[in-house]
Structures are given as structure tokens and as C-alpha cells.
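Student: In numbering that gives the first Met the number 0, the protein residues as written are 0 to 294. Just so it is clear, CB atoms sit at the ideal spot from N, CA and C, and this is done for glycine as well. If you scroll down you'll find the structure; I have some questions about it.
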Amino acid sequence: MQDNGSLFSRINSQYNSMSKGQKRLANFITEHYDQAVFMTAAKLGRQVNVSESTTVRFAVLLGYDGFPQFHNALQEHVMTKLNSVQRMEVSFGRIDENRILDTVLQSDIEKIKMTLEQTDRAAFDHAVDLILQAEHVYILGIRSCAPLAGFLSYYMNQIIPNVHQVGANSYSELFEEIIRIGEKDVIIGISFPRYSMRTLKAMEFAADQKAKVISITDSVHSPISRYASSSLIARSDMASIVDSLVAPLSLINALLVALCMKSQSQVLHTLETMERIWDEYKVYNSDEIEYSNTR
Numbered sequence: 000m001q002d003n004g005s006l007f008s009r010i011n012s013q014y015n016s017m018s019k020g021q022k023r024l025a026n027f028i029t030e031h032y033d034q035a036v037f038m039t040a041a042k043l044g045r046q047v048n049v050s051e052s053t054t055v056r057f058a059v060l061l062g063y064d065g066f067p068q069f070h071n072a073l074q075e076h077v078m079t080k081l082n083s084v085q086r087m088e089v090s091f092g093r094i095d096e097n098r099i100l101d102t103v104l105q106s107d108i109e110k111i112k113m114t115l116e117q118t119d120r121a122a123f124d125h126a127v128d129l130i131l132q133a134e135h136v137y138i139l140g141i142r143s144c145a146p147l148a149g150f151l152s153y154y155m156n157q158i159i160p161n162v163h164q165v166g167a168n169s170y171s172e173l174f175e176e177i178i179r180i181g182e183k184d185v186i187i188g189i190s191f192p193r194y195s196m197r198t199l200k201a202m203e204f205a206a207d208q209k210a211k212v213i214s215i216t217d218s219v220h221s222p223i224s225r226y227a228s229s230s231l232i233a234r235s236d237m238a239s240i241v242d243s244l245v246a247p248l249s250l251i252n253a254l255l256v257a258l259c260m261k262s263q264s265q266v267l268h269t270l271e272t273m274e275r276i277w278d279e280y281k282v283y284n285s286d287e288i289e290y291s292n293t294r
């Protein structure tokens, strides 16, 4: 498949050899890529008054196996381009107010299915091994990805020692927290569109220090994937008003379960110790988890 940056350069290089209909397609996609990305081959053809087969031949002319592969490349381009206002406009245009619950939940289901189909099992297993072999594990996620980082950090702390969630209030604080990272350590960076520059710079710094880098992101073309020893891909909704991070969270769940399965005795010992501490220091009030018999 073409890499993300080559899509529009391919259109430019092939433009003079295109038919009149294909040129109309090229013009529309170039000027209105934020609309074209949500169109099927048939709908895109109708938009510029060409047949669906012309649209498919257009994709093949650009070097793609077919329209789906071309459409994926267009999606990856658009993911990095839409600002918050454009995301809202697109969402309002494709969500029926009377079917919001159905639309959103169905979209999340589809993202999980796509993640399951597209996950590289070897990369997943490699990430698990890197984490278990590391002396220290640093976890970084900024803005909407911060809850994912917090969730991963909370449970990973119960599985292995020396897990550090990196705070990212500023560039200087971020680098202060990972200043000692080295070749025996792992950093897990979580970033989805719009990609965080601070996360990218942290991944770059960690790679320069010879640390192992694991990325959790939406595409192999994501900026943080360039530094990754293992890149875990989870699909997210690129144009919703609120970032859909259901599939990334599901992938993180799978990662935690895999770590547990390979560290069962250690996890059991940790949980037994924590239960004794919780009980001794009354961390949990038993009244809060007992159902009243009264109605």
C-alpha cells in the first residue's frame, strides 16, 4: 500500500495522463478530501458525474490494488488534517439525531472488529516480551490519551515492578521524568489523531537513548510508529466529536491479560499482598459492596 505522504504526489504525477472524468475525481479529492473520505466508490463517482468503474480505475491508476486500498490511504491523510471544528462539522453531517446511541455503539463495535482483523500478532507478542524483559517501563499518553495511559499504568503496576506513568504538563517536565531511560528500559507511547508532538518528541528521545519503544496508535503511518520496536494498531474514529478510544482500550486490556498470563505467580503474590494491605488499612468499606436486604 502507498505510504500516507505519497497519495497527493501520485495524483499530481499522474494528472496529465488521466481521462477527463478521472481529472474531475482528482480535482474533487484534492479540494474536498474531508468530504471524499466518507464516500464509497459509487457515491464519489456520482459526485463528479462518472461511473463507479471509472472511480476504481482512478485508484488503480494511482498504483493501488483497488478503491479500498486507495480509500485507506485517503483516510490516513485526513486523520492528521481535520481540526476540531471540521471534526464537528463532519460528525453532524453523518449522525442521525434520532439514532445517536445506535450509531455510536455500532461504530465502536466496528472499530473493535477492524482492530481484531488488522492486529499484527507477532508485534503484539513482541511487545509483551519487551515489557517483561524491561528494567523500567514508562507509559506516556497526553490529552484524550491520558486516561488510556492511566488505565494501563494502574493495572501494569499490579503485574510488574518499576512502572512509571509519565506526566506531561510541559516539555521540560516530560524530559525530566524520562531523563534516565536507557537501553534496558521500555517506553509505551499512546497517540491518536490529532497526534501529540510532545509524545512524538518523547519517543524520539527514548529511541536515541537506545530504549525499546512500543507505540499504541491508529496506523503504521502514525508519526510515533517510526521510532517503535513494536507498533500496536487500534482503530479509532477519526471524525467524531469525542475521540472514540474503545478499540485502543480493548487492545490495552488484551495486553494486560497477556502480561498476567506470563507472570501468574508474581501477579498472584502481588494481589495477595495488596488484599492484606487493603484489609488492614480499611481501603475498601465493606458496606459499599454489600447489598441491603431492605427494599
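(1) Kindly indicate the opening and closing residues of the beta strand (DSSP E) around Val185.
(2) Rounded to the nearest angstrom, what separates Ser8 and Leu43 at their Cα positions?
(3) Who pairs with Lys211 in a beta bridge, going by DSSP?
(4) How many angstroms separate the CA atom of Asp101 from the CA atom of Val245?
(5) Buried or exposed for Glu75, please, with buried defined as at least 16 other CB atoms from any protein chain shown within 10 angstroms of its CB.
(6) Assuming the contact rule is C-beta atoms closer than 8 Å, Ile177 and Ala205 should be a hit. Round their C-beta distance to whole Å, please.
(7) Taking all protein chains shown into account, do 16 or more other C-beta atoms lie within 10 angstroms of the C-beta of Gln21, making it buried, or fewer, making it exposed?
(8) If you draw a straight line from the alpha carbon of Ser235 to that of Glu279, how long is it in whole angstroms?
(9) Thinking just about the alpha-carbon of each residue, which of Asp242, Gln132, His125 and Gln13 is nearest to the one in Tyr194?
(10) So for Gly44, helix, strand or coil by DSSP?
(11) So, at 6 Å on beta carbons, what are the nonlocal neighbours of Tyr63 in its own chain, with the 5 sequence-adjacent residues on each side left out?
(12) By a C-beta neighbour count over all protein chains shown, 10 Å radius and 16 as the cutoff for buried, is Gly140 buried or exposed?
(13) Taking the alpha-carbon positions, what's the Ser152 to Gln164 distance?
(14) With 16 as the cutoff for other CB atoms within 10 Å, does Ser16 come out buried or exposed?
(15) Exposed or buried, what is Ile99 when buried is set at 16 or more other beta-carbons lying within 10 Å of its beta-carbon?
(16) Taking just the CA atoms, how far does Pro222 sit from Arg23?
(17) Do three or more CB pairs link the stretch 169-189 to the stretch 211-222 at distances below 8 Å?
(18) Would Ala238 be called buried (16 or more neighbouring beta carbons within 10 Å of its own) or exposed?
(19) Just the Cα atoms here: how many angstroms apart are Glu51 and Ala41?
(20) Would you call Pro146 buried or exposed, if buried means 16 or more other Cβ atoms sit within 10 Å of its Cβ?
(21) According to DSSP, what are the bridge partners of Val162?
(22) According to DSSP, Ile10 sits in a beta bridge with which residue or residues?
(23) According to DSSP, what are the bridge partners of Ile232?
(24) If you check the beta carbons only, do Ala122 and Ile138 fall under 8 Å apart?
Tutor: The short version:
(1) From DSSP, the beta strand (DSSP E) with Val185 extends over Val185 to Ile189.
(2) 20 Å
(3) Val185
(4) 15 Å
(5) Per the 10 Å Cβ criterion, buried.
(6) Confirmed, Cβ separation roughly 6 Å.
(7) buried
(8) 42 Å
(9) Asp242
(10) helix
(11) Phe69
(12) buried
(13) Straight through space, the alpha carbons of Gln164 and Ser152 are spaced by roughly 6 Å.
(14) exposed
(15) exposed
(16) 31 Å
(17) With a cut-off of 8 Å, the stretch 211-222 and the stretch 169-189 count as touching, because enough Cβ pairs lie within range.
(18) Interpretation of Ala238 is limited by its pLDDT of 49, a score under 50 that renders its predicted location unreliable; the figure taken from the coordinates is listed afterwards. It is buried - the Cβ of Ala238 has at least 16 other Cβ atoms within 10 Å.
(19) 5 Å
(20) exposed
(21) Val136
(22) DSSP lists no partner for Ile10.
(23) Paired residues: Thr216.
(24) no
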